[in-house]
Structure formats: C-alpha cells, structure tokens
Amino acid sequence: MPPAAVRALSLAGLLALWIAAAWATGDPQILPMPQALLAPWWAEIVSGDLVYHLWRTLVRVVWAFALAMSLGLALGLAMGLFPRFDRWFDPWLVVFLNLPALVLIVLCYLWIGLNETAAIAAVTLNKIPNVTIVIREGARALDPDLKAMAQVFRMSRRTYLRHVILPQLAPFIAAAARSGLAVIWKIVLVVEFLGRSNGVGFQIHLYFQLFDVTHVLIYALSFIAVMLAIEWTILQPWERRARRWRTA
Amino acid sequence: MDDPATLGTPGAALADGMISVEVIEKAFHGIPVLRDVRFAVAPGETVALLGPSGVGKTTLLRLIAGIDRDFRGRITRLERMAMVFQEPVLLDWRPARANLALVHPELRPEALAAALERVGLADKADLYPGQLSLGQRRRLSLARAFAGRPQLLLMDEPFASLDAATAGAMMDLTAALIAETRPATLFVTHVPAEADRLATRILTLGGSPATLQPQEGDTT
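Protein sequences, first through last, are from chains A and B. Residue numbering for the first sequence follows the working numbering, starting at 2 and increasing by one per position. Residue numbering for the second sequence follows the working numbering, starting at 44 and increasing by one per position.
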C-alpha cells in the first residue's frame, strides 16, 4: 500500500474512533460529533477570531523555536567540542532539564512581568536544554579525520563550520527541530493559558471556563493543522534537501 | 620540557625551502613512542618513511602536519601544505567539485576543472563522493592535495586497500603529479616496493620507542 494511502487510512481510523466515542457518550456537551464542529469552526474563521489567535500563537512559536534552536545549537556545540566546558556546565543542564515547565513559566512572569518577553523567554528556556543535549551528542560524534583535513589545508573557520561541522550535525539538528516544534507549541499554549490575552492557549482557557468542548477542539485541531502544514512544507523538504547526498 | 614556544609551533621555513624535523620525544600517556627522530626534506625530494605497522609512522606524520602538537622538539614547515590521508577523507555531502573548491577557495573555476581533469574525474565534478568508486575517491583526494600546488606534501599509506592494478595506476599518477609540482614530499608506507617505486630517499623507522634506523644513503 502506498505511504500516502496508509497515512489517510490511519487518520480515518482515528476519526472513526472519535465518532464511536461520541456516539457512546451520547452527550455533545462532553464530546460532539466531528461534523458538529464544522459550522462553529466556519463561524470562527469568518469572524476572524480563529485566524487572529492562531497567528499570535504561531508568532510566539516561531520566536521561541528560533531562539531555542540557535542558543541550544551554540551551547550544544560548545559542550560537545570542549570537554572542560562540558564538565562545568553539565550540572546546570541537568538542573534546567528537570525544572518543570510550569515553574519556569511562573518565575518568568513573576520576574519579567506579564508580557510578551516573559512568555517567549519562558518557552525558550524550557526548550534550550533538550536542544543542547541532542546537539552535544552530534558534536561528540564529529569525524576527527575531517578535522585534521581542515587543519592541514588551513580551511577557514567559517567554511569549516558551514561545510564540515553543520552537515555532520544535520541529523541531530533535524531531530532537535522535530521534537522541538511539537514541545514548543504545547508550552506556548500553557504560557498563553496562564498570562496572555490572546493566542490559542488564551482561547482554550476562555472556552474551558464556559465548558465549551466544541470550541476547545476547534482551536486545538486548527493549530495541529498549522503544525502539520509546517512539517510538510518546511521541515520535511529541508530534511530531504539536507539528505540528498545520501540517496544520490 | 623545552621552552613552550618551540613545542610544535611552526617555525619559519628555512631559506632554501627545506623542511626540518627534530622530534626529541613523543609520548602517549607517558609511554614514549618516538625518540630522537631528526631529518630534513628538500624541495623536489620524495622521501619514503618505511617501517612495520604500528611503529609510529602515522604519529610522526601527524606531528609534521601539525595535527598533533603535543611533543618535544621542533618542526619547521612550509606555508603551503597538503596531505593525502589513508582514507580519502572527503566531504561526503558536497559534490566532487565543491570538495576541491571549499579547500582551495582561491582557485578559479577553470583551475578546478583542470585539477579534476588531471586525475580523470572531469565528468564526475557534480557527483557526490558516495557515487564514486574507492579508486575515484582516492584520485579526488590526490587532486585536492595537488590543486593548491603544495610546497610540502604528506601522504599516509596512500595506496593501501587498493587492488594491485588500481594501486599501480595511482602510483603512476602520483609520480606524475609530484614531477609537475615538485613539492618536498614525505610519504609513509609499510610496503618496500612502493618506497622503491616513488622515493628518491628512504628512511626506516624502527625500535621502541621508534627512531630512524641507520642505513646506506641516509644523509641525516
């Protein structure tokens, strides 16, 4: 069976499970049928609310993702390449890795204030340790022969980083980005839930208080759709390009 | 320990373009592997460094290349250096042409094409190393070494793990390229026939810790 068909069938199965569960529950207040979402979903689109809140969340996700990836990449590289630096900062990494997301979010809001900076900082700080750990593994596995080659031929640092180190790290960067994006948007929602007045997390907070399962599902599913679109239009094509040499 | 400033730091090239090697001692974890290795290589000279496997030939070559700087002694190197490693050591994620261009950014496209042409890879410029045979990857590695017109060429078992015919063709190509570029060449091998075929002078490394073995024609 072609992979696309498997994917479609698998999603249809999930939908069937939902319908069965909704039928068994028999109460649209608790779990509405999928088709019952269509009319209110359309209303949210037409009013512009859905697009506005999706956009606000997306901006936060993009900011936190870019910051966490670049800082985590730099930190992971430094820790992987310089064992002394690694020995000194590894305990910090373990502390931050085990700090609950909620604690970091609350502390950021308390220290920085209930603003956008605090929200993005909280998400970024939550994600940096994971990226760092993945990239550190990659930096430890760099090929010493290529390093020697670059040294003998006096390759410039810039070229070495761009054409020797980063391509070797590509699978690790892809893994960090993959897990990163999924985790980041979930933390962004918590951040919005706790201290922002827009975004998907804020809307879910609102509809939670109204006990409106339909709208909670609409917002959650819409953002999942956005993330799938990013996965298929940006992440996967980039990965295919970076892997081209393996399949050539 | 000597004055730290002399520890493996590249000194200025000698006036006549010689490289001089003086390794008083090289140790790994306190166990000396090389002791009192002294010799010089003149431009245009091809010196073979012969010795059994594991004696420390590659270690010595890495000291001379400046890859390993942890030793006692002094080595003067030349400005333009090139090395052919045991494995081709290519950037597998960049096409053949880029493998040359990234190492030699000063080369113009025509010069890159000529360098590939010279080793018979003119039509392979856009292929990734993984699409080339081992012999072709070795030749790409040779092209990379010679493209910068090196003053000092170091080769570490460049013909190992090739079948006899390919190794013979590689040796002919290497000899021709050396004759064109005339660098000071030092190459490591454990096969006396390779040394006889390419070298103008043969040094033998032996003993533990290894040192140069006296032999006929040795001018050091």
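Backbone N, C-alpha and C define an ideal beta-carbon position, used for all residues, glycine too.
Whole-number beta carbon distance between residue j and residue i, since they are thought to touch under 8 Å
i: A:A183; j: A:M70; result: With 8 Å as the limit, A:A183 and A:M70 do not qualify as a contact, their Cβ atoms being about 13 Å apart.
i: A:A65; j: A:I121; result: 5 Å
i: B:A125; j: B:P193; result: 4 Å
i: B:I67; j: B:R120; result: Not really, about 17 Å apart at Cβ, beyond 8 Å.
i: B:A188; j: B:L196; result: 6 Å
i: A:S223; j: A:L51; result: 6 Å
i: A:L236; j: A:R179; result: 7 Å
i: B:D135; j: A:W246; result: 6 Å
Residue i to residue j span [Cα, whole Å]
i: B:L155; j: A:G14; result: 56 Å
i: A:A175; j: A:L59; result: 20 Å
i: A:A221; j: A:M228; result: 11 Å
i: B:L168; j: A:N127; result: Here the sequence assigns Ala to residue 168 of chain B, which means Leu is not the residue at that position. One C-alpha to the other measures close to 45 Å.
i: B:R105; j: A:L82; result: 20 Å
i: A:N199; j: B:P131; result: 56 Å
i: B:V162; j: A:W186; result: 53 Å
i: B:V90; j: B:T247; result: 10 Å
i: A:E240; j: A:L16; result: 29 Å
i: A:L190; j: A:H206; result: 9 Å
i: A:L68; j: A:T125; result: 6 Å
i: A:P3; j: A:C109; result: 47 Å
i: B:D111; j: A:L170; result: 24 Å
i: B:L220; j: B:R81; result: 27 Å
Residues that residue i bridges to, as DSSP identifies them
i: B:S63; result: B:A83, B:T119
i: B:D199; result: B:V231
i: B:M214; result: According to DSSP, which records beta bridges pairwise, B:M214 is partnered with nothing at all.
i: B:R78; result: B:E68
Terminal residues of the beta strand (DSSP E) in which residue i lies
i: B:F230; result: 227-232
Collapsed DSSP secondary structure at residue i in the structure displayed
i: B:A141; result: helix
i: B:M124; result: strand
i: B:F71; result: strand
i: B:A91; result: strand
i: B:T247; result: strand
i: B:Q256; result: strand
i: B:P53; result: For B:P53, the predicted structure reports a pLDDT of 45, less than 50, and the residue's modelled location is therefore unreliable. A value from the coordinates is still provided. Correct three-state label for B:P53: coil.
i: B:S184; result: helix
i: A:S11; result: helix
i: B:D261; result: Residue confidence for B:D261 is low, a pLDDT of 46 falling below 50, so the modelled location carries little weight; the figure read from the coordinates is stated next. B:D261 falls in the coil class under three-state DSSP.
i: B:F114; result: coil
i: B:I107; result: helix
i: B:S176; result: coil
N-terminal and C-terminal residue of the alpha helix (DSSP H) that residue i is part of
i: A:T58; result: 50-82
i: B:Q194; result: B:Q194 -> no alpha helix (DSSP H), and no H or E assigned at all.
i: A:R197; result: Here A:R197 belongs to no alpha helix (DSSP H), and DSSP marks it neither H nor E.
i: A:Y110; result: 102-113
i: B:S96; result: Element bounds for B:S96: n/a, residue is neither H nor E.
i: A:N127; result: 117-141
i: A:Y220; result: 214-231
i: A:V153; result: 145-153
Chain-ordered neighbours of residue i on chain E, where CB pairs are closer than 7 Å
i: A:W246; result: Among the protein chains of the structure shown, namely A and B, there is no chain E.
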